[in-house]
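Those protein sequences? They're chains A, B and C, same order as listed.
Numbering-wise (our numbering), the first sequence opens with residue 32 and increments by one.
Numbering-wise (our numbering), the second sequence opens with residue 32 and increments by one.
Numbering-wise (our numbering), the third sequence opens with residue 32 and increments by one.
All C-beta atoms, glycine included, are put in the ideal place defined by N, C-alpha and C.
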Amino acid sequence: RSGEMAKLTQLIDNEVFWAYATYTTIVLLKMMLMSPVTAYFRITRKAFANPEDTTSLGKGESAKKFLRTDPDVERVRRSHLNDLENIVPFLGIGLLYALCGPELSTALLHFRIFAGARILHTFAYLIPLPQPSRGLSWAVGYAVTISMAYKVLKTVLYL
Amino acid sequence: RSGEMAKLTQLIDNEVFWAYATYTTIVLLKMMLMSPVTAYFRITRKAFANPEDTTSLGKGESAKKFLRTDPDVERVRRSHLNDLENIVPFLGIGLLYALCGPELSTALLHFRIFAGARILHTFAYLIPLPQPSRGLSWAVGYAVTISMAYKVLKTVLYL
Amino acid sequence: RSGEMAKLTQLIDNEVFWAYATYTTIVLLKMMLMSPVTAYFRITRKAFANPEDTTSLGKGESAKKFLRTDPDVERVRRSHLNDLENIVPFLGIGLLYALCGPELSTALLHFRIFAGARILHTFAYLIPLPQPSRGLSWAVGYAVTISMAYKVLKTVLYL
Chain A
32 RSGEMAKLTQ
42 LIDNEVFWAY
52 ATYTTIVLLK
62 MMLMSPVTAY
72 FRITRKAFAN
82 PEDTTSLGKG
92 ESAKKFLRTD
102 PDVERVRRSH
112 LNDLENIVPF
122 LGIGLLYALC
132 GPELSTALLH
142 FRIFAGARIL
152 HTFAYLIPLP
162 QPSRGLSWAV
172 GYAVTISMAY
182 KVLKTVLYL
Chain B
32 RSGEMAKLTQ
42 LIDNEVFWAY
52 ATYTTIVLLK
62 MMLMSPVTAY
72 FRITRKAFAN
82 PEDTTSLGKG
92 ESAKKFLRTD
102 PDVERVRRSH
112 LNDLENIVPF
122 LGIGLLYALC
132 GPELSTALLH
142 FRIFAGARIL
152 HTFAYLIPLP
162 QPSRGLSWAV
172 GYAVTISMAY
182 KVLKTVLYL
Chain C
32 RSGEMAKLTQ
42 LIDNEVFWAY
52 ATYTTIVLLK
62 MMLMSPVTAY
72 FRITRKAFAN
82 PEDTTSLGKG
92 ESAKKFLRTD
102 PDVERVRRSH
112 LNDLENIVPF
122 LGIGLLYALC
132 GPELSTALLH
142 FRIFAGARIL
152 HTFAYLIPLP
162 QPSRGLSWAV
172 GYAVTISMAY
182 KVLKTVLYL
């Protein structure tokens, strides 16, 4: 095991780590995009969660009617939460995977498929596309993360 | 301080980091498991959030009745969100802690108790066990993370 | 590119990384604080999500009335979720940014503004302050993260 991990510090300074940094930044930026998308739908659908957000729309009772849920806003929020649930494991497991010394081509394959699947998932959720588009794109990203977790545990398992 | 952190790069290549990688991967996989558990309850309870998920169950009005919340589904979702709220701090603070050069035995104690507490928390939430099972398992994981944060700030504080 | 990243392993052992570790630990601890704040409001407002949490308040029907949502509890929960949505990108992009060799003063500026903005955001959400306090504090943290992401992609882009 020491042999496999011995050159770990040198591995940070390599192309696998650059690829991890690139794709992680891309999927995190994609996730961050859900915040302005939520704001856009809240404003255009006039559906807010906080009283202080509706003061520009009227006073007293006339503003209260904008404190409501809207199907489009809720859809974007579910999509955002699904990103959190799936990108957080990628962030952690992907970092450990990148430090485990995988082949560059294998690592790129994992990172590219994950990023592509999450971007497709967002389109499938927001358009929305008919199922199983959203289910499949979710499953592909999930499977990539499991595959990286398997490689990490095979390399460093230390209980 | 330079002395304490001087050998940081070498520390990555050691057993504390392997232990961090192992337990982080385990708790992230455990968190990921909540997604198929949610899907299982959505399908068996016929309680969905998106119209496109109900098309296989019927057409028009007959499918609409499956767009509803279900107590079991909501319970799994709360458990999943609680994982996010607690495993994200472990992911970040645990990594920094592992890089701070703790004793291997101390680090293993922290990682093992955290992972055990989060697994217990999930059982306590989903069975559900009577309180204070869920509260205590949550508090133990929380205290472990605070303990690691204290060690990190004591070692590297740089404001 | 090799030149820019060549000394990456050495960079971990430096003041930028210590600053990252400090501010990341601070914002994660701040986020963790939302859990006891939620518990405080659930107990004082007697508004719970799980039947097993209400057993100490009465039996049968008399306990059921405490299974409800409360505006103050929901406000804290939205604030907590907003933390997750914004601190997770900071955790990942900030780590990669710290490894990209920024100037110490520039890095400190990013980390300090982000941490300050998130702390202000929590106060603006929980007091609550009139808008645009919350919106602006959110936007400042968001802009800092985008700025760090730009630096990461400019330094390591590897598609």
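Identified DSSP bridge partners for PHE79 (chain A): A:LEU98
Beta-carbon contacts of ALA37 (chain A) that lie in its chain and below 6 Å, excluding the five residues immediately before and after: Bear in mind that a pLDDT of 35 at ALA37 (chain A), under 50, signals an unreliable position, so the number given afterwards is only what the model happens to contain. Excluding residues within five positions, none has a Cβ falling inside 6 Å.
8 Å Cβ cutoff met for MET65 (chain B) and VAL107 (chain B): yes
Close beta carbons around VAL175 (chain A), own chain, < 6 Å, minus the five adjacent residues each side: HIS141, ILE144 and PHE145
GLY91 (chain B), DSSP secondary structure in three states: coil
Chain-order list of residues whose beta-carbon lies under 7 Å from that of ILE150 (chain C) (same chain, five-residue window excluded): LYS61
contact_flag[the stretch 163-179 of chain B, the stretch 88-104 of chain C] where n(CB pairs < 8 Å) is 3 or more: no
Cβ of HIS111 (chain A) within 8 Å of any chain C Cβ: yes
Where the alpha helix (DSSP H) containing TYR181 (chain B) begins and where it ends: 164-187
Short-range partners of chain C found in the stretch 148-167 of chain B, where Cβ spacing is below 7 Å: PRO159, PRO161 and GLN162
Interface flag, ASP84 (chain A) vs chain C, CB-CB below 8 Å: yes
Proximity test, Cβ basis, 8 Å: THR75 (chain A) and chain C: no
Proximity of LEU135 (chain B) and VAL58 (chain B) at Cβ, strictly below 8 Å: no
Cβ-Cβ distance between THR56 (chain A) and LEU184 (chain C) below 8 Å: yes
Identity of the residue in C:GLY123, C:VAL68, C:LEU115 and C:LEU188 nearest TRP169 (chain C) by Cα: C:LEU115
Beta carbon of GLY125 (chain A) nearer than 8 Å to that of MET179 (chain A): yes
VAL183 (chain A): contacting residues in chain B (beta-carbon distance under 7 Å): ALA52 and THR56
Beta-carbon contacts of ALA138 (chain A) that lie in its chain and below 8 Å, excluding the five residues immediately before and after: VAL47, ALA50, TYR51, TYR128 and ALA129
Nearest candidate by alpha-carbon position, reference PHE121 (chain A), set A:GLN162, A:TYR54 and A:PHE72: A:TYR54
Residue-chain proximity (LEU192 (chain C), chain A), Cβ-Cβ < 8 Å: Outside the shown range of chain C, which is 32 to 190, sits residue 192 (chain C), and nothing can be said about it.
Residue environment, SER87 (chain C), which counts as buried when at least 16 other CB atoms sit within 10 Å: exposed
Nearest neighbour of VAL171 (chain C), chosen from C:ALA70, C:GLY147 and C:THR100 [CA to CA]: C:GLY147
Given VAL68 (chain C) as reference, the closest of C:ARG109, C:GLY91, C:SER164 and C:GLU83 once Cα atoms are compared: C:ARG109
Endpoints, the alpha helix (DSSP H) within which ILE144 (chain A) is located: 135-157
Cut-off 6 Å between Cβ atoms - residues of its own chain near PHE72 (chain C), not counting five sequence neighbours on either side: ASP103, VAL104 and VAL107
Through-space distance from ALA80 (chain B) to ASP84 (chain C), alpha-carbon basis: 26 Å
Three-state secondary structure assigned by DSSP to PRO67 (chain C): helix
Helix, strand or coil at THR85 (chain A) [DSSP, three-state]: coil
Collapsed DSSP secondary structure at GLY123 (chain B) in the structure displayed: helix
As assigned by DSSP and simplified to three states, the class of LEU59 (chain A): helix
Cα-Cα separation, VAL187 (chain C) to THR153 (chain B): 39 Å
CB contact below 8 Å: GLY132 (chain B) versus chain C: no
Same chain, Cβ closer than 6 Å to ASP101 (chain C), neighbours up to 5 away in sequence not counted: ARG76 and ALA78
Inter-residue Cα distance where the pair is ARG99 (chain C) and ASN113 (chain A): 25 Å
Chain C contact for LEU59 (chain B) (CB, 8 Å cutoff): no
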